[in-house]
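Counting in the UniProt record's numbering, the sequence shown runs from 1 upward without gaps. Reading through the structure tokens given below for one structure.
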Amino acid sequence: MSGEELLRCNYMLPTKKRRCRMLVKKGNLFCGEHSIHDPSKSERVICPNDPKHTVKKDELEKHLATKCNSRLPDEPWIVFNINVANQDRGKTLFVFTDRVDECDNRRPDDEQLSRMSALIQNAIQKVSFCITDRVLTSKQITDHLSSNTHLSGEHRKHLIQLSSIIGYFYLR
């Protein structure tokens, strides 16, 4: 065994029939990923958020809270288990209890819909005067379209859109 072999992981990859090439810390036989196979070390478990990596069992809670890149985002609009059905009643009820009312009544009532409709109509009236329907062109794409008459309607539509975008770039 050379000195470099001692710095590499001793785990034998079954599919590749060779040793893992990851470096190991001094005094260890296995890399962090394969240290679950080292009987002398503390127990490692597969991460519940991402089964592609393992974590020491005693550090699992800290890992899930702060370190794991695959942790679930803690955003106010994400409601945990929002679609979980209550099996006892046979219809969709939310299992969690802290935000049931908020999630149960997510549909707006008629008053809220009419208010939102009025807001949208008001916004459209305020900006409709400055919206113009102007399609610019690019010489290269126009030439391409005229020389390739076999293109499908969808393909032509996309090329016309690109031509207009390029035309706006030239306009600036």
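Beta carbons: idealized from backbone N, C-alpha and C, even for Gly. These figures come from a predicted structure and were not determined experimentally.
Handout entry: Which of helix, strand or coil DSSP assigns to Lys67
Key = Position 67 of the sequence shown, counted from the first residue, corresponds to residue 67. Note: Lys67 maps to helix in three-state DSSP.
Exercise for the section: Could you name the residues of the same chain whose beta carbon sits closer than 6 Å to that of Ser138, not counting the 5 residues immediately before and after it, in chain order? Expected result: One-based indexing of the sequence shown puts residue 138 at position 138. If we look at Ser138 and ignore the five residues flanking it on each side, its Cβ neighbours are Ser163, Ile166 and Gly167.
Practice task
Could you spell out the range, first to last residue, of the beta strand (DSSP E) harbouring Thr54?
Solution key: Reading the sequence shown from its first residue, position 54 is the one you call residue 54. Where Thr54 is concerned, the enclosing beta strand (DSSP E) stretches over Thr54 to Lys56.
Practice task
Within the same chain, show all residues whose beta-carbon is closer than 8 Å to that of Glu154, passing over the 5 residues directly before and after it, in chain order.
Solution key: For the purposes of this step, residue 154 is identified with residue 154 of the sequence shown, where counting begins at 1. Closer than 8 Å at Cβ, skipping near neighbours: no residue.
Handout entry: Identified DSSP bridge partners for Val24
Key = Here residue 24 refers to the residue found at position 24 when the sequence shown is read from its first residue. Val24 pairs with nothing; no bridge assigned.
Problem - Helix, strand or coil at Arg115 according to DSSP, with G and I counted as helix - result: The sequence position of residue 115 within the sequence shown is 115, counting from 1. Correct three-state label for Arg115: helix.
Practice task
Pull up the distance between the alpha-carbon of Ile124 and that of Gln112, whole angstroms please.
Solution key: Against the sequence shown, residue 124 aligns to sequence position 124. Against the sequence shown, residue 112 aligns to sequence position 112. Near 18 Å, if we compare the C-alpha coordinates of Gln112 and Ile124.
Problem - Of the listed residues Ser147, Thr142 and Lys126, nearest to His158 (C-alpha basis) - result: In the sequence shown, residue 158 corresponds to position 158, counting from 1. Nearest of Ser147, Thr142 and Lys126 to His158, Cα basis: Thr142.
Exercise for the section: With DSSP collapsed to three states, give me the class of Val127. Expected result: As a first step, residue 127 is located in the sequence shown; it is residue number 127 there, counting from the start. DSSP places Val127 in helix when its eight states are reduced to three.
Problem - Element boundaries [alpha helix (DSSP H), containing Ile166] - result: For this step, residue 166 is matched to residue 166 along the sequence shown. Its alpha helix (DSSP H) spans residues Gly153 to Leu171.
Handout entry: Residues that DSSP places opposite Val135 in a beta bridge
Key = The count along the sequence shown starts at 1 and reaches residue 135 at position 135. None, per the DSSP bridge assignment.
Handout entry: With 16 other Cβ atoms within 10 Å as the buried cut-off, status of Arg44
Key = Locating residue 44 in the sequence shown gives position 44, counting from the first residue. Buried, because 16 or more other Cβ atoms sit within 10 Å of the Cβ of Arg44.
Practice task
Find the nearest neighbour of His37 within the set Cys20, Leu145 and Leu151, judged by alpha-carbon distance.
Solution key: What you label residue 37 is simply residue 37 of the sequence shown in a count that begins at 1. Taking only the C-alpha atoms, the option nearest His37 is Cys20.
Practice task
Taking the CB atoms as reference points, tell me whether Leu171 and Leu136 lie closer together than 8 Å.
Solution key: The count along the sequence shown starts at 1 and reaches residue 171 at position 171. The count along the sequence shown starts at 1 and reaches residue 136 at position 136. Contact flag set, yes.
Practice task
Evaluate His34 with the Cβ neighbour count: other Cβ atoms within 10 Å of its Cβ, from every protein chain shown; 16 or more gives buried, anything less gives exposed.
Solution key: Counted from its first residue, the sequence shown places residue 34 at position 34. By the neighbour-count rule (16 or more Cβ atoms within 10 Å), His34 is buried.
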